[in-house]
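A.B. asks: Following the numbering used here, the numbering of the sequence shown begins with 6 at its first residue and continues without gaps.
Here a beta-carbon is modelled for each residue, glycine too, at the ideal position from N, C-alpha and C.
No experiment lies behind these values; they were computed from the predicted model shown.
Dumping the structure here so I can ask a few things about it.
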Amino acid sequence: MGLRIRRLFLICTLLCTLSGASYAQKEVRQSVRKGNSYFEKQSYDKAEIEYRKALEQNPADPESNYNLANTLYRTERSEEAAKIYQELLKEVQLMPKDRAADVAHNAGNIAMASKDYATAIEMYKTSLRKRPTDEETRYNLALAQKLLEQQQGGEDDQQQEDQQEQQQQDQQEQEQEQQNDEQQQQQNQEQQNKPQEQQSDQQQMSQDNAEKILNAFLQDEKETQRKVEQMKQQQQKGRKSRPKNW
Numbered sequence: 006m007g008l009r010i011r012r013l014f015l016i017c018t019l020l021c022t023l024s025g026a027s028y029a030q031k032e033v034r035q036s037v038r039k040g041n042s043y044f045e046k047q048s049y050d051k052a053e054i055e056y057r058k059a060l061e062q063n064p065a066d067p068e069s070n071y072n073l074a075n076t077l078y079r080t081e082r083s084e085e086a087a088k089i090y091q092e093l094l095k096e097v098q099l100m101p102k103d104r105a106a107d108v109a110h111n112a113g114n115i116a117m118a119s120k121d122y123a124t125a126i127e128m129y130k131t132s133l134r135k136r137p138t139d140e141e142t143r144y145n146l147a148l149a150q151k152l153l154e155q156q157q158g159g160e161d162d163q164q165q166e167d168q169q170e171q172q173q174q175d176q177q178e179q180e181q182e183q184q185n186d187e188q189q190q191q192q193n194q195e196q197q198n199k200p201q202e203q204q205s206d207q208q209q210m211s212q213d214n215a216e217k218i219l220n221a222f223l224q225d226e227k228e229t230q231r232k233v234e235q236m237k238q239q240q241q242k243g244r245k246s247r248p249k250n251w
């Protein structure tokens, strides 16, 4: 008897679980439908609320996640949308081809908007593998490839320009350094020549002083001789006209 009750309890629990899961899935579908309706009317705030309600019931529901990512993308929250797309791409092999193509296509668009052209190219290629006839994706792929070439070419041009600027800067520094060396050499030469000039000046001054002293000496000697001659003349005159004694 106890065994039957236990079995009956397990069956009731299983039925309740299935019923709860069925109810939750029903809630998910209702919220998704409401969200889609708001999305078509461009009422993105209300659409986001409904999609998040659905994810509260089933966080792994791919449709709710995809629609939420689209809503975030439309409301310029690309980073949040990209994270959801990348999570969905992990299960891309399990999705229907059209849905997988849509996820990859939208992920490519986000990469294009952020100028990550290499990632965009990979996303568009993934989308085309799932839906080869999608002309919009094919056009986006060609555009991403062209933009990537231009980006790489611009980087090469910028790198070359940076190298030229660096070379010019190095050349200017070398010229400035050479000019500084020449100025230093000139200053050193002037310092070396300065003692010689001073010595030459001193020698010239010594020579001038010596000449002055000699001239002064000669002048004094002449003056002395003149005075001596005057004294001799006075003495001779004195002998001739010397007065008598009284």
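Taking just the CA atoms, how far does glutamate 92 sit from arginine 82?
C.D. replies: Straight-line Cα distance between these residues: approximately 16 Å.
A.B. asks: Please tell me whether lysine 58 has its Cβ less than 9 Å away from any Cβ of chain C.
C.D. replies: You won't find chain C in this structure, because it holds only one protein chain.
A.B. asks: Could you tell me how far apart the beta carbons of glutamate 53 and threonine 76 are, in whole angstroms, since I believe they sit closer than 8 Å?
C.D. replies: 5 Å
A.B. asks: Can you give the Cα-Cα distance for lysine 130 and glutamate 180, rounded to whole angstroms?
C.D. replies: 54 Å
A.B. asks: Suppose contacts are defined by Cβ-Cβ distances below 9 Å. Is serine 69 in contact with leucine 60 by that definition?
C.D. replies: yes
A.B. asks: Given lysine 135, which residues of its chain have a CB within under 6 Å of its CB, disregarding the five upstream and five downstream residues?
C.D. replies: Lys102, Ala105 and Ala106
A.B. asks: Where does threonine 138 sit, in a helix, a strand or coil, going by DSSP?
C.D. replies: In the three-state DSSP reduction, threonine 138 falls in the coil class, being neither helix nor strand.
A.B. asks: Which stretch, first to last residue, makes up the alpha helix (DSSP H) that contains leucine 253?
C.D. replies: An answer regarding residue 253 cannot be provided, because it is not within the stretch 6 to 251 covered by the chain.
A.B. asks: With distances taken from CA atoms, which of Val37, Leu153 and Gln62 is nearest tyrosine 71?
C.D. replies: Out of Val37, Leu153 and Gln62, Val37 has the C-alpha closest to the C-alpha of tyrosine 71.
A.B. asks: So, leucine 152 versus methionine 117, is the Cβ gap smaller than 9 Å?
C.D. replies: yes
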